[in-house]
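Chemist:
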Amino acid sequence: MAIPFPFSAIVGQDEMKLAIQIVAIDPKVGGILALGDRGTGKSTAVRALADLLPPLQVVVGCSYGCDPASSGATCSDCAVLKAPGKRPKTETRPVPVVDLPLGASEDRVVGALDLEKALSLGIKAFSPGLLAQANRGFLYIDEVNLLEDHLVDLLIDVAASGENVVEREGLSVRHPARFVLVGSGNPEEGELRPQLLDRFGLSVEVRTPQDIDQRIAVIKRRDAFERDPQGFRDEWALQNQGLREHILKARKLLDKVKVGDDLLRLCAQLCQALGTDGLRAELTLMRACRSLAAMQGHKAATTAHLRTVAPMALRHRLRRNPLDDTGSGTRVERALNEVLGA
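This is the structure we're talking about:
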């Protein structure tokens, strides 16, 4: 397994790093979509996500990494392992960050008949796919805007239900597939379907840095990492540990953070002014504000938090206006100034 670049060593790209930390604190905010120039560290930042997350407690022998604290059997494996009178063994595993390659077959994604067992033992057994591996973690799609339509439809269904259903080759399997969807890509190479766009909680714009000193810092750190990956990670281990502890502290504070009715009214007014469809935008704004407040150690979300998260939560939800050719980020800022005041 490739050694990931340490998250704390990433130079610049503040909006992308902030979005990742917000979702690490509260995965209910939804997925992250990072769109921008090639070679700007989008994939590096996503793959470094595991640095921020504490390990999970899982049931030993469960193909889906189910939570041992959950009541009852959450999958067919746990139906046996957590049967009445049985106390399943547990272990800790890193939070899964699973790559979904563009060329992956549907069988590889959803799972299929285990051919080895079928041929050698003559039994029908299910071989779990990428969705099973991503349960309770993150599913990452690089160049998500180039993903084939049949896989997009599949992901939309599973992301909505949190369950993967496989009915094929004489198999009938249901298993949990609750994951946070993370995508990256270059918008010049194609657009995402609106149904998939709506499944991402936050969207960030990633641009090539224009500051010379920042560009030099990126080059030096990347070169040092490629020369000695483990040594470079050891250098940044203390900063990474501090960041992880900060995320854990924010998670504990999260349920105590209040989001008042006045702030919810501003969220609704903002979404109404921008003409967003449905109410998912308001929910995302509320959760992102709460997560950011917890990250900053505050016990109540404020308009300052709303102003920070609104562009990330709303820019990808706007309808195209043929009479207004300004960028979506500018439209959100304009609406913010109208609703909150300049």
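Per the working numbering, residue 144 is the first one in the sequence shown, and the count goes up by one each step.
Positions of the beta carbon are idealized from the N, C-alpha and C atoms, including for glycine.
Remember, predicted model here, so these are calculated numbers, not experimental data.
Would the segment 356 to 365 count as touching the segment 439 to 446 if we require 3 or more Cβ pairs under 8 Å?
Modeler: Touching, no, given that fewer than three Cβ pairs across the two stretches are closer than 8 Å.
Chemist: Counting beta carbon pairs with one atom in the segment 410 to 419 and one in the segment 377 to 389, are three or more of them shorter than 8 Å?
Modeler: Result no; under three Cβ-Cβ pairs closer than 8 Å.
Chemist: Hey, quick one: how far does the beta strand (DSSP E) through S304 stretch, first residue to last?
Modeler: The sequence position of residue 304 within the sequence shown is 161, counting from 1. Careful: S304 lies outside any beta strand (DSSP E), inside the alpha helix (DSSP H) at 292 to 304.
Chemist: Give me whichever residues DSSP pairs with N307 in a beta bridge.
Modeler: Along the sequence shown, read from residue 1 onward, the residue named residue 307 stands at position 164. Per DSSP, H318.
Chemist: If the criterion is Cβ atoms closer than 8 Å, does the pair L428 and L449 meet it?
Modeler: Against the sequence shown, residue 428 aligns to sequence position 285. Against the sequence shown, residue 449 aligns to sequence position 306. Their beta carbons are under 8 Å apart, which means L428 touches L449 by this criterion.
Chemist: Look at P239 and Q276 and say whether their C-beta atoms are less than 8 Å apart.
Modeler: Here residue 239 refers to the residue found at position 96 of the sequence shown. Here residue 276 refers to the residue found at position 133 of the sequence shown. For P239 and Q276, yes; Cβs fall inside 8 Å.
Chemist: Between I168 and the rest of its own chain, which residues show a CB-CB distance below 7 Å, the 5 nearest in sequence each way excluded?
Modeler: Your numbering for residue 168 matches position 25 in the sequence shown. Within the same chain, I168 has close Cβ partners I390, A393, R394, L397, S434, A437, M438.
Chemist: Let me know the secondary structure DSSP gives F150 once reduced to three states.
Modeler: Start at 1 with the first residue of the sequence shown, and residue 150 comes out as number 7. Correct three-state label for F150: helix.
Chemist: Whose CA, out of R350, V323, S213, V295, lies closest to the CA of F343?
Modeler: Indexing the sequence shown from 1 puts residue 343 at position 200. Taking only the C-alpha atoms, the option nearest F343 is V323.
Chemist: Could you check whether V347 and M159 sit closer than 8 Å to each other, using their CB atoms as the reference points?
Modeler: Walking along the sequence shown from the start, residue 159 turns up at place 16. Walking along the sequence shown from the start, residue 347 turns up at place 204. Yes.
Chemist: Kindly indicate which three-state DSSP category D242 falls into: helix, strand or coil?
Modeler: Along the sequence shown, read from residue 1 onward, the residue named residue 242 stands at position 99. Strand, per DSSP.
Chemist: Counting C-beta neighbours from all protein chains within 10 Å, is the total for I175 16 or more, i.e. buried, or is it exposed?
Modeler: Start at 1 with the first residue of the sequence shown, and residue 175 comes out as number 32. Buried, by the Cβ-count rule.
Chemist: Kindly indicate which three-state DSSP category S327 falls into: helix, strand or coil?
Modeler: Taking the first residue of the sequence shown as position 1, residue 327 is located at position 184. DSSP places S327 in strand when its eight states are reduced to three.
Chemist: Need the endpoints of the alpha helix (DSSP H) that S186 sits in, please.
Modeler: One-based indexing of the sequence shown puts residue 186 at position 43. Note, S186: alpha helix (DSSP H), 185 to 190.
Chemist: Buried or exposed: where does V252 fall if 16 or more other Cβ atoms within 10 Å of its Cβ makes it buried?
Modeler: Residue mapping note: residue 252 aligns to position 109 of the sequence shown, counting from 1. Per the 10 Å Cβ criterion, buried.
Chemist: Given that a residue counts as buried once 16 or more other Cβ atoms are within 10 Å of its Cβ, and exposed if not, what is G403?
Modeler: On the sequence shown, residue 403 is found 260 positions in, with the first residue counted as 1. Exposed, since its Cβ has fewer than 16 Cβ neighbours within 10 Å.
Chemist: Looking at C-alpha atoms only, which residue of E378, G328, T473, N480 is the closest neighbour of A447?
Modeler: For the purposes of this step, residue 447 is taken as the residue at position 304 of the sequence shown. A447 has its Cα closest to that of N480, out of E378, G328, T473, N480.
Chemist: Among V172, A380, T473, D296, which residue has its Cα nearest to the Cα of F148?
Modeler: For the purposes of this step, residue 148 is taken as residue 5 along the sequence shown, with counting starting at 1. For F148, the nearest C-alpha among the options comes from A380.
Chemist: When burial is assigned at 16 or more other CB atoms within 10 Å of the CB, is S471 buried or exposed?
Modeler: In the sequence shown, the residue the question calls residue 471 occupies position 328. Under this definition S471 is a buried residue.
Chemist: Does T233 pass the burial test, meaning 16 or more other C-beta atoms within 10 Å, or should it be called exposed?
Modeler: Position 90 of the sequence shown, counted from the start, is the residue given in the question as residue 233. That one is exposed.
Chemist: Starting from P352, follow its DSSP beta bridges and name the residues at the other end.
Modeler: Taking the first residue of the sequence shown as position 1, residue 352 is located at position 209. Its beta-bridge partners do not exist; DSSP assigns none.
Chemist: With three or more C-beta pairs closer than 8 Å as the rule, is the segment 290 to 306 touching the segment 177 to 189?
Modeler: Cβ pair count under 8 Å is below three, so no.
Chemist: On the DSSP bridge list, what partners appear for T235?
Modeler: Position 92 of the sequence shown, counting from 1, holds the residue named residue 235. Per DSSP, Q200.
Chemist: When burial is assigned at 16 or more other CB atoms within 10 Å of the CB, is P211 buried or exposed?
Modeler: Sequence index remark: in the sequence shown, residue 211 carries index 68 (1-based). Label assigned to P211: buried.
Chemist: Apart from the five residues on each side of it in sequence, which residues of its chain come closer than 6 Å, Cβ to Cβ, to V241?
Modeler: By 1-based counting over the sequence shown, the position of residue 241 is 98. Excluding residues within five positions, the ones whose Cβ falls inside 6 Å are L273, Q276, A277, L282.
Chemist: So is A453 buried or exposed if we call it buried at 16+ other beta carbons inside 10 Å?
Modeler: As a position in the sequence shown, residue 453 is number 310, starting the count at 1. Flag for A453 reads buried.
Chemist: Does K401 come out as helix, strand or coil in the three-state DSSP assignment?
Modeler: Working through the sequence shown from its first residue, we reach residue 401 at position 258. Three-state DSSP puts K401 in a strand.
Chemist: With a 10 Å radius around its C-beta and 16 neighbouring C-beta atoms as the bar for buried, classify P465 as buried or exposed.
Modeler: Here residue 465 refers to the residue found at position 322 when the sequence shown is read from its first residue. Residue confidence is low: P465 scores 47 on pLDDT, short of 50, so the model does not pin down where it sits. Its coordinate-derived value is still stated next. Exposed, because fewer than 16 other Cβ atoms sit within 10 Å of the Cβ of P465.
Chemist: Mapping the DSSP letters down to three states, classify P271 as helix, strand or coil.
Modeler: Sequence index remark: in the sequence shown, residue 271 carries index 128 (1-based). Reduced to three states, the DSSP call for P271 is strand.
Chemist: Check for me: the beta strand (DSSP E) holding A255 runs from which residue to which?
Modeler: Residue mapping note: residue 255 aligns to position 112 of the sequence shown, counting from 1. Taken as a continuous stretch (DSSP letters only), the beta strand (DSSP E) holding A255 covers 254 to 256.
Chemist: Which two residues bound the contiguous beta strand (DSSP E) that contains A177?
Modeler: Position 34 of the sequence shown holds residue 177. Its beta strand (DSSP E) spans residues 175 to 179.
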